[in-house]
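Residue 1 is where the sequence shown starts when you use full-length UniProt numbering, and the numbers rise one by one after that. Every residue, glycine too, gets a C-beta built ideally from N, C-alpha and C.
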Amino acid sequence: MTKERTFKLVATAASGLEALVGKELRDLGIPCQVENGKALFEGTMETIATANLWLRTADRIKIIVGEFDALTFDELFEKVKALPWEDYLPMDAEFPVAGKSIKSKLYSTPDCQAITKKAIVNRLREVYHRPASVPLAESGAFFQLEVALLKDHVTLTLDTTGPSLFKRGYRLEKGGAPLKENMAAALVTLTNWRKDRPFYDPVCGSGTICIEAALIGHNIAPGFNREFVCETWNWFDPAVFEKVRTEADEKADYDIELDITGSDINGKMIDIARANAEEIGLGDSITFKQVALKDFSTDKEYGVIVANPPYGERLGEEESVRKLYKEMGEVFRPLKTWSKYILTSDLAFEQYYGAKATKKRKLYNGALRTDLFQYWGERPPRKPREE
Numbered sequence: 001m002t003k004e005r006t007f008k009l010v011a012t013a014a015s016g017l018e019a020l021v022g023k024e025l026r027d028l029g030i031p032c033q034v035e036n037g038k039a040l041f042e043g044t045m046e047t048i049a050t051a052n053l054w055l056r057t058a059d060r061i062k063i064i065v066g067e068f069d070a071l072t073f074d075e076l077f078e079k080v081k082a083l084p085w086e087d088y089l090p091m092d093a094e095f096p097v098a099g100k101s102i103k104s105k106l107y108s109t110p111d112c113q114a115i116t117k118k119a120i121v122n123r124l125r126e127v128y129h130r131p132a133s134v135p136l137a138e139s140g141a142f143f144q145l146e147v148a149l150l151k152d153h154v155t156l157t158l159d160t161t162g163p164s165l166f167k168r169g170y171r172l173e174k175g176g177a178p179l180k181e182n183m184a185a186a187l188v189t190l191t192n193w194r195k196d197r198p199f200y201d202p203v204c205g206s207g208t209i210c211i212e213a214a215l216i217g218h219n220i221a222p223g224f225n226r227e228f229v230c231e232t233w234n235w236f237d238p239a240v241f242e243k244v245r246t247e248a249d250e251k252a253d254y255d256i257e258l259d260i261t262g263s264d265i266n267g268k269m270i271d272i273a274r275a276n277a278e279e280i281g282l283g284d285s286i287t288f289k290q291v292a293l294k295d296f297s298t299d300k301e302y303g304v305i306v307a308n309p310p311y312g313e314r315l316g317e318e319e320s321v322r323k324l325y326k327e328m329g330e331v332f333r334p335l336k337t338w339s340k341y342i343l344t345s346d347l348a349f350e351q352y353y354g355a356k357a358t359k360k361r362k363l364y365n366g367a368l369r370t371d372l373f374q375y376w377g378e379r380p381p382r383k384p385r386e387e
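Written out as structure tokens, the structure reads:
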């Protein structure tokens, strides 16, 4: 397989984050088309490596092996078998087939998976001249496939990422209700924070939001600390990842001074946050301290607060959580030059905070519908233009 082969690719994302993924791809110089929960694009092995290494808000990068319509299982079998699976799967490939079917005539997902698997096995037997009596070994590299049906349209994908992109590799421990790293990165991206301004998370838990802000501030690729499953494939050129990682290291700005602070009422969480920041080499870029939210004060100006407070989803927690929202309002409202961004599933949040949000944005934290309540601060005065 030549290095310059072009692949059809898809970056999957949580509902509500696909526009951010699209912007990230375009910022990387990769044209794309955004659809619900995904961004579609094309590229080479280098594009696959770049997207895996650099996308902060996506879940995974997949190769689209084929697409077609199918109304019968026979049609599904024949069209799957017609695809060039030998271009992707070596003779000993381990290739489980995941599946989903939505609003399609072929609604039985297990049947769709089994027929897809059988069709691929038949294709590989023919190409690699293996007798039907001998099962394929499946003892080699791992290739996660998926057959997805939507309104009778079938899409077959091969995952290049492995464990989801939110697994950056720095979380040694996490708190009770941790925010995924890609969701934390999305929250930072949705603010008006600039790296020369203060950044603060008053309920920082295991430190994820602050760490993602520091990665953005230093322009460090979020995937630089981990491996990807496509690196184990015999046809994927290892020099590609070497090149992309070297370039990423050159783009990082390790010298910039950032003003990022995280605090939490729980001292144990502060210890975990510090350990996580140390793990990724950002211990000096973030200050973590044990402070109750009601005791927070600052004389800094034009900063950004991002908070993912408890939502009060569990029985008996609602009252204490709403007391916390009220404290937030009392502590944050006097900070006129600061912008505040608070994520919660409590739609009555504004009532307890004591002010209406400038803007709200619907996001999904896992399967949970949440809103990002945004309170925009005053802008800094414009510097007078020199004559």
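With residue i and residue j assumed to form a contact (beta carbons below 8 Å), what rounded beta-carbon distance in angstroms separates them?
| i | j | result |
| --- | --- | --- |
| Tyr311 | Ser345 | 4 Å |
| Leu372 | Leu190 | 6 Å |
| Leu106 | Ala148 | Actually they do not touch by this definition, with Cβ atoms about 11 Å apart. |
| Gly207 | Asn276 | 5 Å |
| Gly99 | Glu67 | With 8 Å as the limit, Gly99 and Glu67 do not qualify as a contact, their Cβ atoms being about 15 Å apart. |
| Ile270 | Lys195 | Contact doesn't hold; Cβ gap of about 23 Å is too wide. |
| Val304 | Arg197 | 6 Å |
What's the call for residue i, buried or exposed, on a 16-neighbour Cβ count within 10 Å?
| i | result |
| --- | --- |
| Ala239 | exposed |
| Val306 | buried |
| Val21 | buried |
| Val134 | exposed |
| Asn36 | exposed |
| Tyr254 | exposed |
| Pro131 | exposed |
| Ala11 | buried |
| residue 389 | With the chain represented from 1 up to 387, any question about residue 389 goes unanswered, as that position is not in the structure. |
| Lys38 | buried |
| residue 399 | With the chain covering 1 to 387 only, the question about residue 399 has no answer from this structure. |
| Asp74 | exposed |
So, are the CB atoms of residue i and residue j less than 8 Å apart?
| i | j | result |
| --- | --- | --- |
| Asn52 | Phe166 | no |
| Ala119 | Phe77 | yes |
| Arg333 | Ala355 | yes |
| Gly16 | Lys362 | yes |
| Ala58 | Asn182 | yes |
| Tyr170 | Ile216 | no |
| Trp85 | Arg125 | no |
| Ala185 | Arg56 | yes |
| Glu138 | Asp92 | yes |
| Leu156 | Leu40 | no |
| Asn308 | Ile209 | yes |
| Gln374 | Tyr341 | yes |
| Val321 | Leu293 | no |
| Trp338 | Thr358 | no |
| Thr246 | Thr287 | no |
| residue 393 | Ala221 | Any question about residue 393 goes unanswered here, given that the chain covers just 1 to 387. |
| Val203 | Asp264 | yes |
Give me the residue from the options with the minimum Cα distance to residue i.
| i | options | result |
| --- | --- | --- |
| Tyr325 | Ala248, Leu343 and Val80 | Leu343 |
| Leu103 | Trp235, Gln144, Met328 and Asp152 | Residue 103 is actually Lys in this sequence, not Leu. Cα-wise, what sits closest to Lys103 is Asp152. |
| Leu258 | Arg130, Asn192, Cys112 and Asp284 | Asp284 |
| Leu172 | Asp111, Glu242 and Ile272 | Ile272 |
| Gly140 | Pro381, Thr232 and Ile64 | Thr232 |
| Ala49 | Ala248, Ile256 and Pro381 | Ala248 |
| Leu89 | Glu46, Thr160 and Glu67 | Thr160 |
| Lys300 | Val203, Trp235, Phe199 and Asp264 | Phe199 |
| Ile61 | Thr109, Lys8, Val97 and Pro381 | Lys8 |
| Gly281 | Gly66, Ala214 and Leu28 | Ala214 |
| Val97 | Lys117, Lys79 and Lys81 | Lys117 |
| Lys323 | Arg5, Glu350 and Pro178 | Glu350 |
| Ser108 | Leu150, Glu94, Glu327 and Tyr128 | Leu150 |
| Lys174 | Gly205, Trp193, Lys195 and Leu368 | Gly205 |
| Val121 | Phe95, Ala19 and Cys112 | Phe95 |
| Ala19 | Gln33, Thr6 and Leu28 | Gln33 |
| Cys230 | Glu46, Leu187 and Ala14 | Glu46 |
| Arg314 | Ile63, Gly176 and Glu327 | Gly176 |
| Tyr353 | Lys336, Glu327, Leu335 and Ala367 | Glu327 |
| Leu368 | Phe224, Phe236, Gly329 and Lys180 | Lys180 |
Using a Cβ-Cβ distance cut-off of 8 Å, determine whether residue i contacts chain B.
| i | result |
| --- | --- |
| Ala348 | Any reference to chain B falls outside this structure, which holds one protein chain only. |
- Whole runs of the beta strand (DSSP E) within the region 47-81, excluding any shorter than 3 residues: The qualifying runs are 60-69.
Any chance you could list the alpha helix (DSSP H) runs of at least 4 consecutive residues sitting entirely within the region 152-224, in chain order?
If only uninterrupted alpha helix (DSSP H) runs of at least 4 residues are considered, those enclosed by the region 152-224 are 181-189 and 208-217.
- Message: My parser needs the beta strand (DSSP E) runs of 3 or more residues fully inside the region 289-319; what are they?
- Response: You should have 304-307.
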